[in-house]
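Each remark here refers to the structure printed beneath this line.
Numbering (this note's numbering), first residue to last: 1120 to 1310.
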């Protein structure tokens, strides 16, 4: 009877250690899949523009997987995949001296402009983050048209359907990544 009890106890300890190791490895793997770089810049500009830092992380992850040298087939650049024309407009509004399109590869410039632009879109769409994200990817003019079209919006205030698959997928992927970043990291809420 004593040996059976000892064996069960050892088996329980081994099982508990195995579960702990799996949990630690899973967390490590998840953090590799969803990295967090430039936390200081994200916190700085999320705070400045009253954005949720987890949302900024999610947009960066979906847009570039935190690759500051990323360039899309449409010419968007950097971490938050800012299009050069948007970058020039934002740089002028923000008074960024010495700005060039290549400045969008600088994480500080890119995150600043990306957060500024996301804030503008959020304000334009009266705080509706789904609309702001759709506009960030698909253009605010398209979102405005979709809101007026009963095929896409029943009430003119929210989208029931996003006709561009890329934009629809973008919004869904951002919210999925947002949940992952909230699960994996403890970023100080600064907004």
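Ideal Cβ placement from N, Cα and C applies to all residues, glycine included.
Check your understanding: Less than 9 Å separating the beta-carbons of residue 1293 and residue 1236?
Key -> no
Practice item. Pull up the distance between the alpha-carbon of residue 1297 and that of residue 1175, whole angstroms please. Key: Put simply, the backbone Cα of residue 1297 is about 8 Å away from that of residue 1175.
Review point. Opposite residue 1190 in the DSSP bridges: which residues?
Key: 1196
**Study point:** Beta-carbon proximity of residue 1290 to residue 1249, cut-off 9 Å
**Key:** yes
Point to revise | Given residue 1252 as reference, the closest of 1268, 1269, 1234, 1267 once Cα atoms are compared | key: 1234
Check your understanding: DSSP puts residue 1201 in a beta bridge; with which residues?
Key -> For residue 1201, the beta-bridge partners assigned by DSSP are 1196.
Point to revise | Own chain residues within Cβ distance below 6 Å of residue 1268, not counting five before or after | key: none
Check your understanding: Helix, strand or coil for residue 1156 per DSSP?
Key -> coil
Review point. Expressed to the nearest angstrom, what Euclidean distance is found between the alpha-carbon atoms of residue 1230 and residue 1172?
Key: 11 Å
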